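Numbering (my numbering), first residue to last: 25 to 194.
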Amino acid sequence: MSERSQYVTLGAAGELFAAPVESVQEILEARAIMRLPRSPENMLGMIDVRGQGIPVLDLRRTLNMPKGEDDESTRIIVLLVGRSEKKRILGLKTDRVYEVTFFDTEELEPAPEGAQDWQQNVIAGIGRRNGAFVTVLNLENLFEAMHPHVADKDMVTNSVVKYAQHAGII
C-alpha cells in the first residue's frame, strides 16, 4: 500500500528538490551570515534565530552545483535532521522555496545509477511535479555522510565561541 507524505519543494541552480515537511522547522528570508574561519566551502557560517546560533550550508555547494547569487527569492530553510538523540538544527540556503506538495511512495522512482557527482544515498527518490523531475533529498544521509562535522552541534558551537573570543567579540 502506498504512503502519502508531504514535502517542501525548493529550487537550486534551476533544478527542483524536495525535503520532508516534518524536518522543516521554519523558512527564513536571506539574512547576514557570520562566516566561520577555515570552514568547508559549502558551510556558509552561522545565523542567529531568536538567540540560537544555527550553522548554514549552501545547497548548491553541498551538491556540487555552480555557485549562485542571492536575490529576493533566496531562502534559508531551518531543518531538524538526524536520527533519534542525534538530531541537529541546521540551516540550508536555497535559491527559492516553491510550495508544499504530496508524493506517494509509489510515485517516487529510485535514484539512477551514478546520479550526478554525489552519493546516491542522499537521494530518497525522484518524483515528478508539473512535468518536471523533483529530486527528493534524504536529509539525514546528506548531512551525516557528507558533513559529519556540521552534524556535531557541540563542535560547531565550540568553534564559534573560540572564534568570537579570539576576535574579541565576546
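C-beta: ideal position from N, C-alpha, C; glycine also. These numbers were taken from a predicted model, which means no experiment stands behind them.
When the Cα of residue i is compared with those of the options, which residue comes out closest?
i	options	result
Pro134	Leu161, Glu93 and Gly69	Leu161
Met117	Glu93, Gly106 and Thr129	The question names Met, yet the displayed sequence has Lys at residue 117. Nearest option by C-alpha distance: Glu93.
Leu163	Ala156, Met58 and Arg107	Arg107
Met58	Val73, Ser47, Val45 and Pro44	Val73
Val230	Asp119, Gly75 and Ser29	Any answer about residue 230 is impossible in this case: the structure gives the chain only from 25 up to 194.
Ser47	Glu96, Gly35 and Leu114	Leu114
Gly35	Ser97, Lys110 and Gly75	Ser97
Asp95	Phe127, Asp119 and Ala56	Asp119
Return the first residue and the last residue of the beta strand (DSSP E) that residue i is part of.
i	result
Thr86	Looking at the DSSP string, Thr86 is not in any beta strand (DSSP E); the run it does join, the alpha helix (DSSP H), is Leu83 to Thr86.
Pro90	Neither: Pro90 is in no beta strand (DSSP E) and is coded neither H nor E.
Ser29	Arg28 to Ala36
Thr125	Arg120 to Asp128
Leu68	Met67 to Val73
Val160	Ala156 to Leu161
Arg153	Ile147 to Arg153
Val48	Val48 to Glu53
Glu39	Glu39 to Pro44
Ile100	Arg99 to Val105
Please work out which residues of its chain come closer than 7 Å, Cβ to Cβ, to residue i, disregarding the five sequence neighbours upstream and downstream, and give them in chain order.
i	result
Met67	Leu60, Pro79, Leu81 and Val174
Ala156	Leu40
For residue i versus residue j, is the C-beta distance shorter than 7 Å?
i	j	result
Ala37	Arg84	yes
With a threshold of 8 Å on Cβ separation, who are the neighbours of residue i within its own chain once the five nearest residues in sequence on each side are excluded?
i	result
Thr33	Leu40, Phe41, Ala42, Val121, Tyr122, Glu123, Val124, Thr125, Arg153 and Val158
Leu132	Ala148, Gly149, Ile150, Gly151 and Val160
Arg55	Ile71 and Ile100
Excluding the 5 residues flanking residue i on each side, which residues of the same chain have their C-beta closer than 6 Å to its C-beta?
i	result
Ser63	none
Asp141	Low local confidence applies: a pLDDT of 49 at Asp141 is under 50, so the model's placement there is unreliable, with the coordinate-based value given in what follows. Here the set comprises Asn88.
Glu27	Thr129
Leu166	Val146
### Query
Three or more C-beta pairs closer than 8 Å, one from the segment 144–156 and one from the segment 88–104: is that the case here?
no
### Query
If you pair each beta-carbon of the segment 45–54 with each one of the segment 99–116, do three or more pairs fall below 8 Å?
yes
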